[in-house]
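Please read the structure below before turning to the comments.
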DNA sequence: CTAAAATAGGACCGCGCTGGTACTATTTAA
DNA sequence: TTAAATAGTACCAGCGCGGTCCTATTTTAG
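Chains as they are written, first to last, in this note's numbering: chain A, 1 to 155; chain B, 1 to 155.
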């Protein structure tokens, strides 16, 4: 399957907590976030630290500390969050820059995988954190001119 | 990362072998495919069996047997191949139908993940096996009306 | 008819990575 | 001064991924 890790998943869920009505105060502790999301506290901590290191959150240490968004949720893309938590998006191993693929010279599909990878990245880059809380506008998740017939998975 | 497994990767590479110029004869054994792709034979066998079970290949047992495509490469989508080898595409665990997610009731992003998942599936469904061997037409890998600015990952 | 060459369908297995925990140091508000 | 928080990092179990192997069956060639 094409699956993202729980880390990435958690990262996005946590980030969206900062824009829920109930958390308008903007500063949330790991403990609060864990209870809001029902995720295990140590994991939440770990993910928050990563998001902070990558500059998507700012932390406030000490008593009554916590985390808050480093910029407006409309200016943070889903792709950024995923990348922050677990590095560059690479659907196949060979698209990871650090990899060396012995099959590369005889691989007929690599170039096109690269383009598909970019397409997916574009989708995730075009969706902001703020977008994730309300029904996504169609144009953000549909293909352009080419699509005419109903995809098979939609019966 | 959003990563597909090697199984899926191999599956696609193997399927495309059936439409290379040199294999116009259409019947390829696991051994031939392994050497063409430089992939380990046992793995190749395993993947071919899966593709056959799912009806994308037809097998010919016995001496001078092998595999061939069950239908025209223009009628087989990339999504079908991936799904055949490793089940339905589900970017998050909760999108897998068999999963039960305790966070579901408090999860603000699930609905939109579902839509993103469909978007990715659409992209992969619109690309045929035959498409994978030549440069993909732009409209298959770009978003529709919404996209105006250059995505951040393209510098 | 027999042997060789294939696929079918499993069982099996190591090892790395994912998901998760724990501990110590540091910062800071009350 | 103490308690509450983050920072950093080490640690760990389990399991799924990637990979192999073995036996049974089918089929063609000689």
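We put the beta carbon where it would ideally sit given N, CA and C, even for glycine.
Leaving out the 5 sequence neighbours to the left and right, which residues in its chain are closer than 7 Å to residue 86 of chain A when beta-carbon positions are compared?
-> 5, 7 and 8
Considering only C-alpha positions, which residue in the set A:74, A:76, A:59 and A:124 is nearest to residue 68 of chain A?
-> A:59
Contact the stretch 72–86 of chain A vs the stretch 99–113 of chain A: 3+ CB pairs below 8 Å | no
What do you reckon, are the CB atoms on residue 16 of chain A and residue 132 of chain A nearer than 8 Å?
-> yes
Would you give the residue range spanned by the alpha helix (DSSP H) that residue 58 of chain B belongs to?
-> No alpha helix (DSSP H) holds residue 58 of chain B; the beta strand (DSSP E) holding it covers 57–60.
Nearest-angstrom Cβ-Cβ length linking residue 38 of chain A and residue 106 of chain B, presumed shorter than 8 Å | 6 Å
With contact counted as at least three CB pairs below 8 Å, one residue from each stretch, are the stretch 120–138 of chain A and the stretch 133–143 of chain B in contact?
-> yes
To the nearest angstrom, report how far apart residue 62 of chain B and residue 91 of chain B are at their CA atoms.
-> 40 Å
Residues near residue 169 of chain B in its chain [Cβ-Cβ closer than 8 Å; skip 5 each side] | Since the displayed chain B opens at 1 and closes at 155, residue 169 of chain B lies outside it and no answer follows.
Span of the alpha helix (DSSP H) around residue 11 of chain B = 6–17
With a Cβ-Cβ cutoff of 8 Å, do residue 66 of chain B and residue 41 of chain B count as a contact?
-> no
Neighbour flag for residue 102 of chain A against chain B, beta carbons, 8 Å = yes
Taking only runs that begin and end inside the stretch 47–108 of chain B, name each unbroken alpha helix (DSSP H) of 4 or more residues, in chain order.
-> 78–86
Contact check, residue 74 of chain A vs residue 130 of chain A, beta carbons under 8 Å = yes
Interface residues of chain A around residue 27 of chain B at Cβ under 7 Å?
-> Within chain A, no residue comes near residue 27 of chain B; the closest Cβ sits about 19 Å away, beyond 7 Å.
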